[in-house]
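> Here it is, the structure in full.
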Amino acid sequence: MPPKLKLTAITLDCPDPQALAAFYREATGHALAPGSNADFAGLVREDGLVIGFQRVDDYQAPRWPDQAAPQQFHLDFAADDLDEAEALLLKWGAAKPEYQPGGDRWRVFTDPAGHPFCLTRG
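Throughout, my numbering is defined as the position within the sequence shown, counted from one, plus 4.
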């Protein structure tokens, strides 16, 4: 039987790990990981999952929905009140692209480093 793998971390490339960690800390409330610094910052969820942010020189952001610089992956978050969550995300530095394929089911945003992420009803 193959081993069962436990996901322990998701790491995003970015130009400024501390700034991106600050954005996602506001959005999720997760604690800043000990040892976070200018080259790598992490947020720790209650169950131990880390969302990491690593500095990449000459970082090139995805351009949603343009596939010339594809998103490669995205994160999904749930919220009970999409309008309230949207207002807060925009206040904290997210952007809402014009192209919104989800209709009433989900909304697409980009974080301050340009990574697309989705917001769905919780």
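Note that CB positions come from ideal geometry on N, CA and C, so glycine has one too.
Predicted model only: the values in this text are computed from it and were never measured.
Could you tell me which residues DSSP puts in a beta bridge with Q104?
For Q104, which the question treats as bridged, DSSP gives no partner whatsoever.
> Considering only their Cβ atoms, is the gap separating P101 from W68 smaller than 8 Å?
yes
> For T32, which three-state DSSP category applies?
helix
> Starting from L92 and walking both ways along the beta strand (DSSP E), at which residues does that stretch end?
That residue, L92, is in no beta strand (DSSP E); its alpha helix (DSSP H) goes 86-96.
> From P116 to Q58, what does the alpha carbon distance come to, in whole angstroms?
14 Å
> With DSSP collapsed to three states, give me the class of Q22.
helix
> Keeping to the same chain, check which residues put their C-beta closer than 8 Å to that of G126; ignore five residues upstream and five downstream.
A82, A83, D84
> Beta carbon of W96, beta carbon of F27: below 8 Å?
yes
> Quick one: give me the first and last residue of the beta strand (DSSP E) that A83 is part of.
79-83
> Using CA atoms only, rank isn't needed, just tell me which of K10, E90, N41, T12 is closest to A25.
Looking only at K10, E90, N41, T12, the smallest Cα-Cα distance to A25 is reached by N41.
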